[in-house]
Amino acid sequence: MNIFRLAGDMSHLVAILILLLKIWRSRSCAGISGKSQVLFALVFTTRYLDLFTSFISAYNTVMKVVFLALSYATVYLIYMRFRNSYDSENDTFRVEFLLVPVIGLSFLENYSFTPMEILWTFSIFLESVAIMPQLFMITKTGEAESITNHYLFFLGLYRALYIVNWVWRYHTEGFFDQIAVVSGVVQTIFYCDFFYLYVTRVLRGRGKMSLP
Amino acid sequence: DEEAKAKDEL
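Chain order of the listed sequences is A and B.
The opening residue of the first sequence carries number 1 in the numbering used here; numbering runs sequentially from there.
The opening residue of the second sequence carries number 1001 in the numbering used here; numbering runs sequentially from there.
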């Protein structure tokens, strides 16, 4: 464990909590893509199957349980508790356009052709595109509430910190996970456009930000 | 066990 990865995991946790608390406190999920949240819950489900088979550390196990619980709680709030505020007209990204390539690629490119390994690879590739429905929804509605922007900012920060973590681990322990790194870089690139807008607009007090 | 070790990231 290094400070970059710890900061990344904390930033990821903050992002998930920001969104969950925003929905719970405003009792509304307007402007939030339920599809992205379902994809994230699927990412955690397919990645953390080793929760019961391999023990890495208490931190690892606790964080996996927390991420699974919070992501399912978010999906529950969007599709059950506050479903009348779910903006389904604007959450129209065709997730099958994401799932089909990701499933195909995880069968082609993996470390070993075993169910656990293919599911893990699937979760890595899926995570890199899971935010697309949310970014698509923002371009469609033309704007994002500041809380949604903060959520996306911390999510992007988590990915950027993981890249720094991989550089650090490569130089200190020769660690290099090609699938995770390539997929993580692609994922971070999706946030670059958002990062630019976030810094130039949202941080200047204009609470609402509209993507081009 | 190297595989399991390698997957120590969230």
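No residue lacks a Cβ here, since even glycine has one placed at the ideal position from N, Cα and C.
Nothing here was measured: the structure is a model prediction, and the numbers come from that model.
Under 9 Å between C-beta atoms of residue i and residue j
{"i": "Asp-91(A)", "j": "Pro-133(A)", "result": "yes"}
{"i": "Ser-71(A)", "j": "Ala-41(A)", "result": "yes"}
{"i": "Val-75(A)", "j": "Gln-37(A)", "result": "yes"}
{"i": "Leu-126(A)", "j": "Val-43(A)", "result": "yes"}
{"i": "Thr-114(A)", "j": "Gly-31(A)", "result": "no"}
Euclidean distance between Cα positions of residue i and residue j
{"i": "Arg-169(A)", "j": "Phe-175(A)", "result": "5 Å"}
{"i": "Glu-173(A)", "j": "Asp-1008(B)", "result": "13 Å"}
{"i": "Ser-27(A)", "j": "Phe-154(A)", "result": "Looking at the sequence itself, residue 27(A) is Arg, so the reference to Ser does not match. Roughly 22 Å between the two C-alpha positions."}
{"i": "Ile-78(A)", "j": "Met-1(A)", "result": "34 Å"}
{"i": "Val-186(A)", "j": "Ser-128(A)", "result": "7 Å"}
{"i": "Thr-141(A)", "j": "Trp-120(A)", "result": "33 Å"}
{"i": "Ala-1004(B)", "j": "Gly-8(A)", "result": "Residue placement at Ala-1004(B) is flagged as unreliable, the pLDDT there being 45, under the threshold of 50; a coordinate-derived value is accordingly withheld."}
{"i": "Tyr-196(A)", "j": "Leu-135(A)", "result": "14 Å"}
{"i": "Lys-35(A)", "j": "Val-181(A)", "result": "25 Å"}
{"i": "Cys-29(A)", "j": "Lys-22(A)", "result": "8 Å"}
Secondary structure of residue i, DSSP reduced to three states
{"i": "Ala-130(A)", "result": "coil"}
{"i": "Lys-73(A)", "result": "Looking at the sequence itself, residue 73(A) is Ala, so the reference to Lys does not match. Ala-73(A): helix per DSSP, three-state reduction."}
{"i": "Asn-84(A)", "result": "helix"}
{"i": "Arg-204(A)", "result": "helix"}
Outcome for residue i when other beta-carbon atoms lying within 10 angstroms are tallied against a minimum of 16
{"i": "Tyr-59(A)", "result": "exposed"}
{"i": "Tyr-86(A)", "result": "buried"}
{"i": "Tyr-158(A)", "result": "buried"}
{"i": "Ser-106(A)", "result": "buried"}
{"i": "Leu-98(A)", "result": "buried"}
{"i": "Tyr-191(A)", "result": "buried"}
{"i": "Cys-160(A)", "result": "One detail in the question is off: residue 160(A) reads as Ala in this sequence, not Cys. Buried: at least 16 other Cβ atoms inside 10 Å."}
{"i": "Ala-144(A)", "result": "buried"}
Terminal residues of the alpha helix (DSSP H) in which residue i lies
{"i": "Arg-27(A)", "result": "Element bounds for Arg-27(A): n/a, residue is neither H nor E."}
{"i": "Leu-197(A)", "result": "178-200"}
{"i": "Gly-34(A)", "result": "34-47"}
{"i": "Ala-160(A)", "result": "146-173"}
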